[in-house]
Amino acid sequence: MIITEFLDLAAMLVPERTAIAFEGKRYSYAQLKERVNRLADSLNRLGLEKGERVAILEVNCNEHVEACFATVKVGGIFVPLNFRIRQEELIYLVNKAEPEILFVGSRYADMANSARSQLPSVKHFIIIGGKYEGMLSYDELIASGSAEEKTFTEVKDEDIAVLLFTAGTTGFPKGVPQDNNAYSSYVLTNVDPPDMEAPPETNLLCMPLYHVAGMQALMAGIYGGRTIALMRQFDEKEWLETVQREKATRVMVVPTMLKRIVEHPDFDKYDLSSVRVVTYGAAACPYEVLKKTIERFPGRALINAFGGTETSSTIAALRAEDQVITGKETEPEREKKLKRLATSIGLPMDDVEIQVRDEEGRELPAGQMGEIVAKSSRIMKGYW
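Here full-length UniProt numbering is used: the first residue of the sequence shown is 1, the next is one more, and so on.
In structure tokens, the structure reads:
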């Protein structure tokens, strides 16, 4: 199953349901599919061929989502870039990925334009929001593209859909190819398809789409036919306002975000009763933050998700049933359980095998410290 079929399925089953809610704009699944079709047609007319890369330098927005699905629909590889990068990093990443097309948010247009001569692979620069001399207009490409459903090329499960870059904490960022199967394997195992009869779910997506957690949340939301309340960037006050306004049922954050949320002085002024699931991960959650979260979100399902860019999605999770505090515990028992939870990443997902090995690659017994090694169809085949 390829990722564009996630959108096809949702548009067929729940066409009128809101797919994307972003800064006052709302697009149903039928409208999102039409915009993706239009952009895909325009990318095809620009000469994009199968296997060629399309990069984007922009914060979270509906255009970011549309560009992802349109690129894969034409057979291209979508390359979301860290929107916090400096010009020298932009030059490095673009020359590493060698995209034919670069989508640029208006706030990054000057930086990208001044680097043009050092980005030889880029044939077309596309400005998102407004106009810029020497760049194509995103809005005009949407307007001029055909809304008709077309098959531009054969896209297979094993074809690369997205190229993410690691943070580069120990050197230059590495490119991590993620094929369609990596995403379909995750959603087919862990996400229910759209239910026309059930009340719609709303995902609050504040994780950046250049990050594996953001991309995983996007794919799960689209496949599940959920409404995605999209935030440009994380801000704790805006997060609280968005949860209340959109009645978000599922949220995903990293521990630093979670800390800022639960410690916000106006936390109690917001109606967060719609939230059913709080997923956190990407770093160890401090004990005090987890303790405060359980207090702030009583009775909610808390999930500690563990994974990495190279794994494409979550490979282990401390699930909601593992984090239940019944209230019957003594204070010492409660503290002991919370401290254990704060240091656990739970159990492997159903389609993942995990071992802990030593420096020679030998599997270690329980209770020993070593390197986590995972096996799954979702894990990358190698670096770019």
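Every residue, glycine too, gets a C-beta built ideally from N, C-alpha and C. Remember, it's a predicted structure, so these values are computed and weren't measured experimentally.
Where Arg38 falls, given that 16 or more other Cβ within 10 Å makes a residue buried: buried
Within this structure, are the beta carbons of Ile142 and Arg45 separated by less than 7 Å? no
Please return the same chain residues whose Cβ sits closer than 8 Å to the Cβ of Leu205, not counting the five positions on each side in sequence. Asn60, Gly214, Ala217, Leu218, Gly221, Ile228, Ala229, Leu230, Met231, Met252
Is Lys150 buried or exposed, if buried means 16 or more other CB atoms sit within 10 Å of its CB? exposed
Relative to the ligand MN, is the shortest distance from any of its heavy atoms to the C-beta of Phe125 smaller than 6 Å? Among the ligands in the structure shown, none appear at all, so the ligand MN cannot be discussed.
CB Ala342 to CB Cys285, shorter than 7 Å? yes
So Ile77 and Leu163 are in contact, right, with Cβ under 8 Å, and what is the actual spacing, rounded? 5 Å
Whole-number beta carbon distance between Val289 and Val262, since they are thought to touch under 8 Å: 7 Å
Along the alpha helix (DSSP H) that carries residue 386, what are the first and last residues, could you check? This structure cannot settle anything about residue 386, because the visible part of the chain is limited to 1 through 384.
Assumed close pair Val54, Pro99 - CB separation to whole angstroms, cut-off 8 Å: 6 Å between Cβ atoms; contact.
Within the segment 78 to 155, ranges of the beta strand (DSSP E) (whole runs, at least 3 residues): Runs found: 101 to 105, 124 to 128.
Extent of the continuous beta strand (DSSP E) run through Met252: 250 to 253
Jot down the residue ranges of each uninterrupted beta strand (DSSP E) in the segment 10 to 34, minimum 3 residues, whole runs only, in chain order. 18 to 22, 25 to 28
Would you list the one or two residues that DSSP bridges to Thr311? None; Thr311 has no bridge partner.
Applying the criterion that 16 or more other CB atoms from any shown protein chain within 10 Å of the CB defines a buried residue, is Ala305 buried or exposed? Residue burial annotation: Ala305 is buried, with at least 16 other C-beta atoms found within 10 angstroms of its C-beta.
For Gly105 and Leu136, which I take to be in contact (beta-carbon distance under 8 Å), what is that distance rounded to the nearest angstrom? Not a contact, Cβ separation roughly 14 Å.
Whole-angstrom distance between Arg300 and Gln87, CA atom to CA atom: Arg300 has its alpha-carbon roughly 43 Å from the corresponding atom of Gln87.
Please say whether Gly346 and residue 439 have beta carbons closer to each other than 7 Å? Look at the range of the chain in this structure, 1 to 384, and you will see that residue 439 is not part of it.
Glu236 to Met257 span [Cα, whole Å]: 7 Å
Are Leu209 and Pro80 close, meaning C-beta to C-beta below 7 Å? yes
Which of the three DSSP states, helix, strand or coil, is assigned to Glu333? helix
Check for me: the beta strand (DSSP E) holding Gln244 runs from which residue to which? Per DSSP, Gln244 lies in no beta strand (DSSP E) segment; the continuous alpha helix (DSSP H) that holds it begins and ends at 236 to 246.
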